[in-house]
């Protein structure tokens with residue numbers, strides 16, 4: 209059985225979150241560990257979407273954090289809960305670098321991740337930040 213895009217996002221979130229606390233561990237090993245949680249549904253190879261998103265979030269983390277910071281009110285990136293920061297980075301990476309995913313889909317999927325891995329207050333916070341980013345992106349296009 210092939211993983212859905214939503215499941216792939218959940219895996220990408222879990223990998224990116226785990227990397228925050230897995231200093232010195234190879235990214236591929238973290239991916240394999242998370243994929244093991246989905247053992248009955250995974251294939252032999254690491255799905256391309258996960259490679260792209262995990263690698264991209266890591267490579268562009270500073271830039272993504274600058275975009276987040278720009279849309280915060282009375283907050284700094286350092287104050288954001290790690291789960292929320294990971295969700296924001298994932299969604300922003302999709303918005304800026306994955307052209308086949310509409311901004312609205314990235315936002316909605318981020319809110320679904322927040323429902324699963326965070327709380328209602330965080331979901332509203334994530335919605336506010338990403339909605340602000342979307343407005344900026346829409347006005348630039």
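In my numbering, the protein residues as written are 209 to 349.
The beta carbon of each residue, even a glycine, is placed where N, CA and C say it ideally should be.
It should be emphasised that the depicted structure is a prediction, and the values quoted were computed from it without experimental measurement.
Which listed residue (the options) has its alpha carbon closest to that of residue i
i	options	result
residue 313	290, 338, 326	338
residue 295	304, 315, 305, 243	315
residue 214	241, 238, 227, 255	255
residue 290	233, 325, 306	325
residue 228	322, 306, 279, 269	269
residue 272	244, 329, 305	305
Spatial distance of residue i from residue j (CA atoms)
i	j	result
residue 211	residue 308	18 angstroms
residue 281	residue 336	10 angstroms
residue 276	residue 292	11 angstroms
residue 246	residue 253	13 angstroms
residue 226	residue 347	35 angstroms
residue 329	residue 232	33 angstroms
8 angstroms Cβ cutoff met for residue i and residue j
i	j	result
residue 334	residue 319	yes
residue 300	residue 258	no
residue 220	residue 262	yes
residue 297	residue 224	yes
residue 303	residue 260	no
residue 222	residue 242	yes
residue 235	residue 278	no
Per-residue DSSP class, three states only, for residue i
i	result
residue 233	coil
residue 276	helix
residue 308	coil
residue 214	helix
residue 246	coil
residue 254	coil
Runs of alpha helix (DSSP H) wholly within the segment 286-332 (minimum 4 residues, chain order) = 290-305, 311-325
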